[in-house]
Amino acid sequence: CAPPQSEVIYHADASLREQLRDLLWGKMRNLTNSSFVDLARVVVGATIHSPERAQVWMARINEREETFSAWIRAAQKDSRLKPVDPGFAATQMHALLKSFAFWPQVTFNAPLLTPEEQSNVVESALNMFLGWYEVTR
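Take the sequence shown: its letters are residues 380 to 516, numbered as in my numbering.
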């Protein structure tokens with residue numbers, strides 16, 4: 380599992396790439412856990428039939444995904460990432476992972492990604508995110 384938000388700390392003296400890679404792998408481990416995907420299928424089905432449940436689940440998901448926003452905010456304070464709404468940038472990052480390692484599995488019963496596919500998705504997302512948002516010195 381990804382570390383809880385309280386354990387995710389930005390380190391000014393460490394590589395952005397390595398820190399973000401660790402965060403992405405934590406997320407990827409969750410997204411490629413078969414129990415998590417099975418639960419997500421149940422939740423998605425239940426929320427379609429009960430929109431009020433969707434609001435509760437979305438609030439929970441947003442709380443868990445605040446980890447990325449907090450990390451982005453800290454890197455911005457350190458002038459290492461461009462100014463952007465941290466929630467917006469975090470949502471982009473999640474979309475880069477989930478479009479390959481969550482939605483196809485939940486909605487179309489696609490197989491979980493292989494370790495090689497996981498690595499390709501993580502590295503590609505990392506390159507795209509830092510290529511756009513990292514401040515080069």
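Every residue, glycine too, gets a C-beta built ideally from N, C-alpha and C.
On a predicted model such as this, the values are computed, not experimentally measured, just so you know.
Pairwise C-beta distances place the stretch 384 to 404 in contact with the stretch 456 to 469, as three or more of them are shorter than 8 Å.
The beta carbon of residue 452 sits closer than 8 Å to those of 465, all from its chain and outside the five residues before and after it, given in chain order.
In the DSSP assignment, residue 487 falls within the alpha helix (DSSP H) that extends over 482 to 487. The Cβ neighbour count for residue 411, taken over all protein chains shown within 10 Å, is at least 16; the residue is labelled buried. Nearest to residue 417 by C-alpha distance, out of 496, 498 and 481, is 481.
Assignment of residue 509 by DSSP, reduced to helix, strand and coil, places it in the helix class.
Judged by DSSP in its simplified three-state form, residue 402 adopts helix. Between the alpha carbons of residue 496 and residue 431 lies a gap of roughly 35 Å. Rounded to whole angstroms, the separation of the alpha carbons of residue 422 and residue 472 is 22 Å. DSSP places residue 410 within a helical segment (H, G or I) once states are collapsed to three. Taking C-beta separations shorter than 7 Å and ignoring five residues to either side along the sequence, the partners of residue 468 in its chain run 451 and 512, following chain order.
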